[in-house]
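Residue numbers (our numbering), protein chains in the order written: chain A, 1 to 151; chain B, 1 to 151; chain C, 1 to 151; chain D, 1 to 151. Built from N, CA and C at the ideal position, the CB exists for glycine as well.
Protein chains: 4
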Amino acid sequence: MMTSLAPPFRKAYPHFVAIPTRWMDNDTYGHVNNVVYYSYFDTAVNAQLIGAGHLDIRAGAAIGIVVETACRFHRALTFPETIDAGLRVARLGNSSVVYEIALFRAGDDDAAATGRFVHVWVDRATRRPAQLPDAIRSALRPLCVAPESAR
Amino acid sequence: MMTSLAPPFRKAYPHFVAIPTRWMDNDTYGHVNNVVYYSYFDTAVNAQLIGAGHLDIRAGAAIGIVVETACRFHRALTFPETIDAGLRVARLGNSSVVYEIALFRAGDDDAAATGRFVHVWVDRATRRPAQLPDAIRSALRPLCVAPESAR
Amino acid sequence: MMTSLAPPFRKAYPHFVAIPTRWMDNDTYGHVNNVVYYSYFDTAVNAQLIGAGHLDIRAGAAIGIVVETACRFHRALTFPETIDAGLRVARLGNSSVVYEIALFRAGDDDAAATGRFVHVWVDRATRRPAQLPDAIRSALRPLCVAPESAR
Amino acid sequence: MMTSLAPPFRKAYPHFVAIPTRWMDNDTYGHVNNVVYYSYFDTAVNAQLIGAGHLDIRAGAAIGIVVETACRFHRALTFPETIDAGLRVARLGNSSVVYEIALFRAGDDDAAATGRFVHVWVDRATRRPAQLPDAIRSALRPLCVAPESAR
């Protein structure tokens, strides 16, 4: 149903973030609620933007706005597991970035979930499209899995 | 990027659920966090399953497991708005159901977000695919927008 | 263990906010997770501040910072219930406000939970204590259950 | 307002759990929402019960139900910080346990927040009070800061 798919194995990902689950991530059915997977995506992306890209989420002139996300759920995650979130950049555009993300249980090479996460960068005040800041671009380039698109 | 899209206008939806936002739905950027939209999807679907379909989420023999979701974000939502979630069924299969959902701000006919939400029904204990329970099928049939697929 | 207690019956509360539960509010034990009750508190308080007090959460000069909360859990809440949150002001100070809150299941006069929520108002930029804005004070005065403390 | 207070310094705590913050933990005011602190409490307690006490959250005969929590907020926490949650047991009763918890920013000895978390153990099916399971008692005894109450 989605034409592009994040790969479901570890070696496809150049960068990982460890995300411990929380008690309340589990829902009535005893596994991590589907909604929460997107919080892992969100956290993996923004941790990279802040840590490597020095994004100033309080006062930076440009911010990343989410315009599309998607996830396929392959197997259950459960508190108190710690999840390894693999992150890569499928497209590094002029003002948008397409991330591919896979979530792995400890020791598993088959992803429990695979997803997409698309940011468009906008001016914080006007919310109109803005150029991807240079520091962000530099931080994301090592995560690219394909040639950078023309600017 | 997704081949099928939920329509972004109200008249496409036979059923609506009102979902008040909460203070903590807003994130650092002052709008509802992308993750939370999926909680609105989840709530709209399950409220219908419980309310009209008499789903017993504690002890019913079959439960709906989420296998795929997706969302496109068209405009911001913000606490303290109340959201109208439009719900319809794009495919009512033997053991799976594809929902299309759109989120509307009060008074807007253009959706703030549109998404997909795919359930596969499984046996609660074994987590193997199960037939969609009859009461659930009856509750969902009025939400179908296309002929029911052969059983 | 707490010296002051919010009363556990409806008639003690001059103001109510209806808060529908969400699917993911339920945890592994099949009832609303204890953490989420505080989200109901937070939402009831801020809905009043924004609705009646015209608080500008994006740009207002003063903001309310939470310095203390507490909750006693008397009976379970469960999705898909809608909760009635009763709200009153136990102390309306110069820069702080003490709220008492009770959560009721539909039709119940005995509270499912009772709690306290204490705001200190601060300057948005410096985070130093600020006077409670006049519009907020006016919005809260009808919720007071005791004489306003000297200003 | 609370008669007992969790101590706000590290050396008071025999056990720590590292809890990375998440993007959506931050609210409109740019810091971790007050509600989320309780999720850190919940996670620290249950991680210990499952890890050291072998609590079976899916099928164990007895479960811990939260009957009271409280928190004082001393300073802001902000994503992407990792929090150190200090945990100790103030009272290990026949069927109830009183935890004291403090949350520390990395490198800080002054707690950002201090709180209480009270569990009553009940039978999973009947929800009537049950004896604290022996494995749980053994797991919690090293966290006790006062003589165990008579059984």
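8 Å is my cut-off, CB to CB: does A47/A come that close to chain B? As a position in the first sequence, residue 47/A is number 47, starting the count at 1. Not closer than 8 Å to any Cβ of chain B, the Cβ of A47/A fails to qualify, so no.
Can you tell me which of the three DSSP states P129/B falls into? Your numbering for residue 129/B matches position 129 in the second sequence. Residue state, collapsed to three classes: strand.
By how many angstroms is the C-alpha of C71/A removed from the C-alpha of P133/B? The residue you call residue 133/B lines up with position 133 of the second sequence. The residue you call residue 71/A lines up with position 71 of the first sequence. Distance between the alpha carbons of P133/B and C71/A: 26 Å.
For chain B, check one thing: does any of its Cβ atoms lie closer than 8 Å to the Cβ of V89/A? What you label residue 89/A is simply residue 89 of the first sequence in a count that begins at 1. No, V89/A does not count as interfacial toward chain B.
Measure how close the beta-carbons of H119/C and V66/C come, nearest whole angstrom, since I'm counting them as under 8 Å. Here the question's residue 119/C lines up with position 119 in the third sequence. Here the question's residue 66/C lines up with position 66 in the third sequence. About 6 Å separates the two Cβ atoms, so the contact holds.
Can you grab the Cα-Cα spacing for the pair G107/A / F117/B, in whole Å? Here residue 107/A refers to the residue found at position 107 when the first sequence is read from its first residue. Here residue 117/B refers to the residue found at position 117 when the second sequence is read from its first residue. Cα to Cα, the separation comes out at about 29 Å.
Against G30/B, what residues of chain D qualify as contacts under a CB-to-CB distance less than 7 Å, listed in chain order? On the second sequence, residue 30/B is found 30 positions in, with the first residue counted as 1. In chain order: T28.
Cβ closer than 7 Å: which chain D residues qualify as neighbours of T43/A? Walking along the first sequence from the start, residue 43/A turns up at place 43. By Cβ distance, chain D contributes R22, W23.
What does the alpha-carbon distance come out to for the pair A12/C and A125/A? Residue 12/C sits at position 12 when you count from the first residue of the third sequence. Residue 125/A sits at position 125 when you count from the first residue of the first sequence. Taking the straight line joining both Cα atoms gives about 44 Å.
Spell out whether any CB of chain D is found under 8 Å from the CB atom of V66/C. Residue mapping note: residue 66/C aligns to position 66 of the third sequence, counting from 1. Closer than 8 Å: yes.
Can you list, in chain order, the stretches of the beta strand (DSSP E) that have 3 or more residues and sit fully within the stretch 5-39 of chain D? 15-20
Does the structure place the stretch 28-44 of chain B close enough to the stretch 33-50 of chain A that three or more beta carbon pairs sit under 8 Å? yes
Please list the partners that N33/A has in chain C, where partner means a Cβ-to-Cβ separation under 8 Å. Residue mapping note: residue 33/A aligns to position 33 of the first sequence, counting from 1. Under the 8 Å cutoff, chain C gives W23, M24.
Please state whether the Cβ-Cβ distance between P20/C and I19/B is less than 8 Å. Walking along the third sequence from the start, residue 20/C turns up at place 20. Walking along the second sequence from the start, residue 19/B turns up at place 19. Their beta carbons are under 8 Å apart, which means P20/C touches I19/B by this criterion.
Can you list the residues of chain B that P133/C reaches, using a CB-CB cut of under 9 Å? Here residue 133/C is taken as the residue at index 133 of the third sequence, counted from 1. Near P133/C there are no residues of chain B at all, since even the closest Cβ is about 18 Å away, more than 9 Å.
Going along the chain, which unbroken runs of the alpha helix (DSSP H) with 4 or more residues stay wholly within the stretch 64-141 of chain D? 134-140
Which residues share a DSSP beta bridge with A62/B? By one-based count along the second sequence, residue 62/B stands at place 62. According to DSSP, A62/B bridges with D123/B.
Which same chain residues, not among the five before or five after C144/C, have their C-beta less than 7 Å away from its C-beta? Along the third sequence, one-based indexing puts residue 144/C at 144. Hits under 7 Å: V89, L92.
Would you verify that the beta carbon of I101/B is, or is not, closer than 8 Å to some beta carbon of chain C? The sequence position of residue 101/B within the second sequence is 101, counting from 1. I101/B does not count as touching chain C.
Of the choices A113/B, D27/B, E100/B, whose alpha-carbon is the least far from that of I57/C? For the purposes of this step, residue 57/C is identified with residue 57 of the third sequence, where counting begins at 1. Nearest C-alpha to I57/C: D27/B.
Looking at chain A, is there any beta carbon in it that lies within less than 8 Å of the beta carbon of G115/D? Residue numbering aside, residue 115/D sits at position 115 when the fourth sequence is read from its first letter. Output row for G115/D: interface = no.
Please check the pair T82/C and P8/C, which I expect to be a contact at CB under 8 Å, by giving their CB distance rounded to whole angstroms. Locating residue 82/C in the third sequence gives position 82, where the first residue counts as 1. Locating residue 8/C in the third sequence gives position 8, where the first residue counts as 1. T82/C to P8/C, Cβ: 19 Å. No contact.
Chain B beta carbons: is any one of them nearer than 8 Å to that of I19/D? Along the fourth sequence, read from residue 1 onward, the residue named residue 19/D stands at position 19. Not closer than 8 Å to any Cβ of chain B, the Cβ of I19/D fails to qualify, so no.
Q48/C classed as buried or exposed, judged by whether at least 16 other C-beta atoms fall within 10 angstroms: Mapped onto the third sequence, residue 48/C falls at position 48. With 16 or more Cβ atoms within 10 Å of its Cβ, Q48/C is classed as buried.
Taking C-beta to C-beta, are A130/A and L103/A nearer than 8 Å? Start at 1 with the first residue of the first sequence, and residue 130/A comes out as number 130. Start at 1 with the first residue of the first sequence, and residue 103/A comes out as number 103. In this structure, L103/A does not lie closer than 8 Å to A130/A by Cβ.
Below 8 Å on C-beta distance, what does R58/D contact in chain A? Counted from its first residue, the fourth sequence places residue 58/D at position 58. Ordered by position in chain A, the residues that pass the 8 Å Cβ test against R58/D are G30.
Which residues in the same chain as R141/D place their Cβ atom closer than 6 Å to its Cβ, once the five residues preceding and following it in sequence are excluded? Position 141 of the fourth sequence, counted from the start, is the residue given in the question as residue 141/D. For R141/D, where only same-chain residues beyond five positions count, there are no Cβ hits under 6 Å.
My understanding is that R6/D touches I101/D, with C-beta atoms under 8 Å, so please give their C-beta distance in whole angstroms. As a working note, residue 6/D is residue 6 in the fourth sequence. As a working note, residue 101/D is residue 101 in the fourth sequence. Note that residue 6/D corresponds to Ala in the displayed sequence, not to Arg. Right, their Cβ atoms sit about 6 Å apart.
Distance, A61/A Cα to T78/D Cα: Along the fourth sequence, one-based indexing puts residue 78/D at 78. Along the first sequence, one-based indexing puts residue 61/A at 61. Between T78/D and A61/A, the C-alpha separation is close to 19 Å.
Output, in chain order, the set of chain D residues within a Cβ distance shorter than 8 Å of R72/C. Numbered from 1 along the third sequence, position 72 holds the residue referred to as residue 72/C. Near R72/C (Cβ distances below 8 Å), the residues of chain D are V67, E68.
Minimum C-alpha distance to A111/C - residue among H54/C, R75/C, E68/C, R22/C: Against the third sequence, residue 111/C aligns to sequence position 111. When only C-alpha atoms are compared, the closest one is R75/C.
Nearest-angstrom Cα distance between R127/B and N46/B? Sequence index remark: in the second sequence, residue 127/B carries index 127 (1-based). Sequence index remark: in the second sequence, residue 46/B carries index 46 (1-based). Spanning the two alpha carbons is a distance of roughly 18 Å.
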